[in-house]
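Read the structure below first, then the notes.
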Amino acid sequence: MSKKGKILVTGGTGYIGSHTTVELIEQGYEVVIIDNLSNSDAFIVDRIEQITDIRPKFYEFDLLDTDKLDNFFKENADLVGIIHFAAAKAVGESVEIPLHYYRNNLVPMINILEAMKKYKIENFVFSSSCTVYGQPDELPVTENAPVKPAESPYGYTKQVNENILNDTIKSGANIKGIALRYFNPIGAHHSGLIGELPKGVPNNLLPFITQTAYGLRKQLSVFGEDYNTPDGSCIRDYIHVVDLAKAHIVAIERLIDGKNKNSYEMFNIGTGNGFSVFEVIKSFEQSTGEKLNYKVVARRAGDIEQIWADTTIGNNELGWKATKTLDEMTLSAWKWEQNYRKDLN
Ligand code: UD1
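In the numbering used here, the protein residues as written are 93 to 437.
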C-alpha cells in the first residue's frame, strides 16, 4: 500500500476522472478505478500508466450491480476515501430518457454511501455542478446562492445527490463529504495522452470546436448571439481540467486530515472569469493558429445566459486556485485532439 493510502475513483476512465487519477498518483496515492466504460475507453488506463509509470487497478462493472460492488469493497475495505464521478452528463439526453438518468445517476450514490457505512469509509468527494444554481440572480455566483428548480433531469440528479449526501451525513453516519460544483471544464493534460473523448457527436463546446478544426465536423453552430451579454453570446466560467483535478486532491485531503469545518461542505470550482462563446472561439484561433468554420444559429433550448463563479470561499477554504489561462485551455484541447486522431491512423 502506498504511503498516502488508497482512493477509489468512480468514473476514473472518464474525462475528469482520468485527470484526477493522474494527479492522485503523482501525489503518492494508490488509486483504484471503477468504471463501466459507458462513456469512456479502457485504453485510458494505459495512458494513465504512460503518464505516471503506475497502473491503477481497474474494475470494470456498473455501480448498479450491488453484488459486484460489495465484492469490490470486501477487497478494498482499506480505502481512505472515495471520489465519485461516475454519471451520465448530457443535458439534452436527460430530457429524452429521464428514467435512465435518475436510475443511473442516483442509485449508485445510494449504493456507495451504504457501502461506506458498512465498510466504515469516511471521506467522500462528490462531482457536482454549477447547474444547481440555474440562472443566478447575482453574478458572480457564491455557494450561498439559492438552488433553483432544475432545468433538466441531469441537473436535478446533481441537486438530489447533494441532498442524499447531506442527509446521510446529518443522520449520524460516520461520513464527511464535500460537493465540488464545477463550472465548465475544458482542456487536456499537457502530455496530450488523455483528454475529453465524447462518444458520437459532442454536445459540449470545446470538443465540437476541436473536432470541427480537425475536419470531423463541417461547422460549429454558435447557439445564439442575441443574449443580453456584451457580444450577444452566452458566458461561462471555463476551467482547465487539470486545475479542476487538483481541486479534488485538495478536497479529499481536507477530509482525510480533518481540516473540514462542517461534515458536509460545498465549493464552487471555477476561475472566477466569464468568457463568451465568441471569446472561446477567438482564443482557440489565436492559441492554435487554426481558422474555425462557424456560424450563428438559434439559441439552444435550456441554455442559461451567463454564469461565472465567485471563488472566494473555495480559494480561502481549500487553499486552491485555478492557474491556467483560456489560451492554455484551448491549446491543450487541440493538442489532445490531434494526438488522439493521429494515433488512430
Ligand atoms: C452543461 C451544463 C453543465 C454540465 C455540462 C456537462 C447547464 C447550465 N450546464 O454545460 O452543468 O456539467 O453541460 O455536459 O446545464 N455552445 C455552442 N455550440 C455548441 C456547443 C455549445 O454555441 O456546439 C455554447 C452553449 O450555448 C454554451 C457554451 O457553448 O453557451 C457551453 O456549452 P456546453 O459546453 O454544452 O456546456 P454548458 O451547457 O454550459
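A virtual CB, placed ideally from N, CA and C, is assigned to each residue, including glycine.
Computed from a predicted model, the values in this text were never measured in an experiment.
- Closest in C-alpha terms to W412, from the list S325, H340, H281, F177, comes H340.
- When DSSP assignments are scanned along the region 195-272, the uninterrupted stretches of alpha helix (DSSP H) that are 4 or more residues long and fall wholly within it turn out to be 245-262.
- The beta-carbon separation of I136 and I286, rounded to 6 Å, stays under the 8 Å limit for a contact.
- Contact between the region 354-370 and the region 230-242 is established, with three or more Cβ pairs separated by less than 8 Å.
- At least one heavy atom of the ligand UD1 falls within 7 Å of the beta-carbon of I396.
- A heavy atom of the ligand UD1 is found nearer than 7 Å to the CB of N296.
- Separation of the CB atoms of L198 and I267 is rounded to 17 Å, and the pair is thereby denied contact status at 8 Å.
- By the C-beta criterion, the region 335-354 is judged to be in contact with the region 408-423, since at least 3 inter-stretch pairs fall below 8 Å.
- For P277, the uninterrupted beta strand (DSSP E) run begins and ends at 276-278, by DSSP.
- For R147, the secondary structure class from DSSP, reduced to helix, strand or coil, is coil.
- In terms of Cβ geometry, K427 and G284 form a close pair [threshold 8 Å].
- Using a Cβ distance threshold of 8 Å, F218 and N253 count as a contacting pair.
- Around the beta carbon of G264, a 10 Å sphere encloses fewer than 16 other beta carbons of the protein chains shown; the residue is thus reported as exposed.
- With a threshold of 7 Å, the Cβ atom of S130 does not count as near the ligand UD1, since no heavy atom of the ligand is closer than that.
- At least one heavy atom of the ligand UD1 lies closer than 7 Å to the C-beta of K181.
- Of the heavy atoms belonging to the ligand UD1, none sits nearer than 7 Å to the Cβ of T422.
- Nearest in C-alpha terms to L308, of all of V314, R328, V293, is V293.
- Under the 8 Å Cβ criterion, the region 95-104 counts as touching the region 165-180, having at least three qualifying pairs.
- Here the alpha carbon of E317 sits roughly 10 Å from the alpha carbon of S368.
- Closer than 7 Å to some heavy atom of the ligand UD1: that does not describe the Cβ of E357.
- Of the candidates A343, E345, L257, N276, N276 places its Cα closest to the Cα of V372.
- The ligand UD1 never approaches E230 closely enough for any of its heavy atoms to be under 7 Å from the residue's Cβ.
- In the assembly as shown, P241 is an exposed residue. Its beta-carbon has fewer than 16 other beta-carbons within 10 Å.
- Counting only unbroken stretches of 4 or more residues, the alpha helix (DSSP H) elements lying wholly within the region 389-429 are 404-410, in sequence order.
- Looking at the DSSP output, R346 bridges to nothing.
- Nearest C-alpha to D133 among Q119, F150, E214: F150.
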